[in-house]
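Only one structure is covered here, and it is reproduced in the block below.
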Amino acid sequence: MSEMRVTDKNVRRNAATNALRTVTPDKAFCFYREVGQPLGVASGSLDEFAAVVESVDSSSIKFHVERGDFESWFRMLGDRSLADQVAALRGKDISPGELKGMLSSMVRTRVDRLHKFASSK
């Protein structure tokens, strides 16, 4: 295998590991119903986010998508790809329930892919 290929694989593995890390509580994503109304639900990692997002009220998902909150958090984790996918949902005429399903699917698919990258040799 060429050195370039090994380097690319290492970069991808490191980026995936970084995006999958658990952040400190002050950097965790906190879900809100609307401004000033926290749900008391937070996620400190993409794995946790993928599990929690399915139980969060659909109106909260719509609120955060429209504000760009999820994409900002995904970028902070270092995952521009997921951030860009979610940003593409903003401003679309999609019901909160559909939006929640789409977001959940996007995140689960991305998390699975990141785990594959992170564990690649």
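Just so you know, this note's numbering puts the end of the sequence shown at 1127, numbered straight through with nothing missing. Yeah, the Cβ is synthetic: ideal placement off N, Cα and C, and Gly gets one too. This one's a predicted model, so the numbers in the text were calculated from it and none came from an experiment.
Here G1103 has S1064 as same chain residues with Cβ atoms under 6 angstroms from its own Cβ, once five neighbours each way along the sequence are excluded. Listed in chain order, the non-local C-beta contacts of T1028 below 6 angstroms within the same chain comprise G1050 and S1051, local neighbours out to five positions each way being set aside. Three or more pairs of CB atoms, one per stretch, sit closer than 8 angstroms, so the region 1065 to 1085 contacts the region 1034 to 1049. Taking Q1091 as the centre and dropping the five residues before and after it, the same chain places the C-beta of M1112 closer than 7 angstroms to its C-beta, in chain order.
A straight line joining the alpha-carbon of D1053 with that of L1095 spans about 21 angstroms.
Annotation: the continuous alpha helix (DSSP H) that includes A1124 extends over P1102 to S1125.
Note: P1044 is bridge-paired with Y1038 in the DSSP secondary-structure output. In the three-state reduction of the DSSP assignment, S1049 falls in the strand class, which pools E and B. By the C-beta density criterion, K1106 is buried, having at least 16 other C-beta atoms within 10 angstroms.
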